[in-house]
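Asker: When we follow the numbering used here, the leftmost residue of the sequence shown carries the number 1, and every step to the right adds one.
Backbone N, C-alpha and C define an ideal beta-carbon position, used for all residues, glycine too.
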Amino acid sequence: MARITLTLLGIVFFLSGCGVKYNIQGEYYMQQGDFGGGRQAFEKVLKKDPTNPTALHFYGRFLLAQNRAKAALPYLEKAVAGNPGDSSYHFWLGVAYGENGARGKERESYQEALRLDKQNVQALTYLGNSFLQGGELEKGLTSYQRALEIWPENSQALYNRALILRKLNRESEERQAWLLYLQSFPDGVFAQLATDRLNSLEDFSYRNYQLGLRTLTLTEIGFLPLSATLSAAALPSLDLLGGTVAAMEKGTLQIVVYQQNNLQLAKMRAMSIRDYLESQFPKLQVPSRIRISWFDVPEEITVLDKKLVRKESVQFFLSDIGKSKQGAGKEGVAKEEAKTISQKKTRMK
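Below you can see the structure in the form of structure tokens.
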């Protein structure tokens, strides 16, 4: 397959002018992540044609990709001088200025890129980053909004828009902004940070769960009103949870349900979650892989130094199998462990 790709590239190079040829060649190395190979190829080009803007541009970008921003800067400056009408050239020069700490020139480059192409979403996003770093929050917000109109799933713009709204204390808009981010990017470190910030606004549409060394971000585990029947929206999260635990060699999944003033409903909901996981993941039917607990009191949690009380909730965590086996009954062990957590929280009040 690689031989066919290179053959096709060769045909294109033969049929195309130098500018088009170098663009295709440069993008090929970029997409392959072969920055060293790209540098070597364009070093040969620059020896023959040292003022070629396209070759200068890609050579500078390869240096940037290898964290050599100082070395990249003169090549990208020469590329812009040779081709001042290309919006993307100004954008990448701005990136190089930013990496070298020249914040004023960085911003000017993004603005020039946008003067040439108002739809340059990268320039809009990075200009927003520049405003955010400089404390110009309203200008940053405007840049991110414009970027998102062009590319609604722009991760940087989605996340940083919410961050700016948080700094501006616009809580209602902030809440919606975190939800929009999490709908598109529900996992990873930034999803965990977004979830904590969403939870601090007393919105638990998403929640982080610590399973050993791994953190899972799941949508809220919900039930049909006044019942222990799982909602359809809860099933994808339970599938992710079950698959993660089933793939682990050891560990007991503890399921803890809180339902204020209704112990029986809490118990039935805990059993519903356990039964669903065991039905979908046979590995979890093994003794000591799942234990359940239930309480008729609210759950008390602290998120970003903010103490919150939830009248009904579901909590998951992973405990050691060895310790779990010491107990007498499946539900009893988990209940005692959860009581210890609850008592600690009570003493902290």
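So K105 is in the alpha helix (DSSP H); what residue range does that whole segment cover?
Answerer: Residues R103 to L116.
Asker: Please classify A328: is it buried, with 16 or more other beta-carbons within 10 angstroms of its beta-carbon, or exposed?
Answerer: The predicted model places A328 with a pLDDT of 30, which falls under 50 and marks its position as unreliable; any figure quoted below should be read in that light. Per the 10 Å Cβ criterion, exposed.
Asker: Just mark K307 as buried or exposed, buried being the case when its beta carbon has 16 or more other beta carbons within 10 Å.
Answerer: Exposed.
Asker: Determine the direct distance from the alpha carbon of S155 to that of K267, and round the result to whole angstroms.
Answerer: Going from the Cα of K267 to the Cα of S155 covers about 40 angstroms.
Asker: Can you tell me whether E136 is helix, strand or coil according to DSSP?
Answerer: E136: coil per DSSP, three-state reduction.
Asker: Using a threshold of 8 angstroms, state whether the C-beta atoms of D239 and Q183 are closer than that.
Answerer: No, they are not a contact pair.
Asker: Distance check for G101 and N160, CA to CA, integer angstroms please.
Answerer: Taking the straight line joining both Cα atoms gives about 21 angstroms.
Asker: Find out if the Cβ-Cβ distance for the pair N199, V303 is shorter than 8 angstroms.
Answerer: Taking 8 angstroms as the Cβ cut-off, N199 and V303 qualify as a contacting pair.
Asker: Bridge partners of E299, per DSSP?
Answerer: Answer by DSSP bridge pairing, in chain order: R310.
Asker: Alpha carbon to alpha carbon, what distance is there between D305 and P282?
Answerer: Going from the Cα of P282 to the Cα of D305 covers about 39 angstroms.
Asker: Can you list, in chain order, the residues of its chain with a C-beta nearer than 8 angstroms to that of A234? Leave out the 5 residues immediately preceding and following it.
Answerer: So the list reads T219, E220, I221, G222 and F223, once near-sequence residues are dropped.
Asker: Grab the span of the alpha helix (DSSP H) containing Q183 for me, first residue to last.
Answerer: That run of the alpha helix (DSSP H) goes E171 to S184.
Asker: Distance, Cα to Cα, L46 vs G140?
Answerer: Their Cα atoms are separated by approximately 38 angstroms.
Asker: Quick one, which of P236, S227 and Q285 has its alpha-carbon nearest T252's?
Answerer: Comparing Cα positions, the closest option is Q285.
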